[in-house]
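A.B. asks:
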Amino acid sequence: MAPTPELTARLEAALRARRAELRDELARELHGDDGLLELRSHRDETDPEISDPLDAVDMAQAMRDDAEFVRIDSALQRLAHGDYGVCSDCGESIDDARLLAEPTAQRCTACQQRFEHTHR
Ligand SMILES: [Zn+2]
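Right under this line is the structure:
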């Protein structure tokens, strides 16, 4: 069974807010909407001693944010299809507490642990 409509609405709002936040962060980190291309050309026009380490940090952060962005989009897609809050592995419902802590969760606690165990 999927979460209650009230909880779903709350989680969807949280996901959308986080998504907007990430979009802004990504735009800032990549120095413009052209993304990686922009990041590379930006490197040539500033002091390399300062911009190189910063760019490496920005890049790592941008990649983390990008991965989170993908997870949020996937969660929003599951919301739209009505299979949000249902474990993608065993089909059981995911605990409300787990969804509140991690709105992008796509597996129940047991399956997530199994998944992390077999993918490391
Ligand atoms: Zn499961």
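Residues in the sequence shown are numbered from 3 upward in steps of one, following this note's numbering.
In this text, a Cβ means the ideal position worked out from N, Cα and C, and glycines have one as well.
Secondary structure at Ser95, three-state DSSP: helix, strand or coil?
C.D. replies: strand
A.B. asks: Label Ser43 either buried or exposed according to how many other C-beta atoms from any shown protein chain fall within 10 Å of its C-beta, with 16 as the threshold for buried.
C.D. replies: Caution is warranted here: a pLDDT of 48 is assigned to Ser43, below 50, making its placement in the model unreliable, and the coordinate value is therefore given only provisionally. Exposed, since its Cβ has fewer than 16 Cβ neighbours within 10 Å.
A.B. asks: Would Pro105 pass as a contact of Ala16 if the rule is Cβ separation under 8 Å?
C.D. replies: yes
A.B. asks: Tell me, please, which residues DSSP counts as bridged to Val72.
C.D. replies: Answer is none; Val72 lacks a bridge partner.
A.B. asks: Who pairs with Val88 in a beta bridge, going by DSSP?
C.D. replies: Ser95
A.B. asks: If I'm right that Ser90 touches Gln108 with Cβ under 8 Å, what's the distance once you round it to whole angstroms?
C.D. replies: 5 Å
A.B. asks: By alpha-carbon positions, which one of Cys110, Gly84 and Asp85 ends up nearest to Ile96?
C.D. replies: The shortest C-alpha to C-alpha distance from Ile96 to any of Cys110, Gly84 and Asp85 is the one to Cys110.
A.B. asks: Secondary structure at Ala64, three-state DSSP: helix, strand or coil?
C.D. replies: helix
A.B. asks: Which of the three DSSP states is assigned to Ala107 in this structure?
C.D. replies: coil
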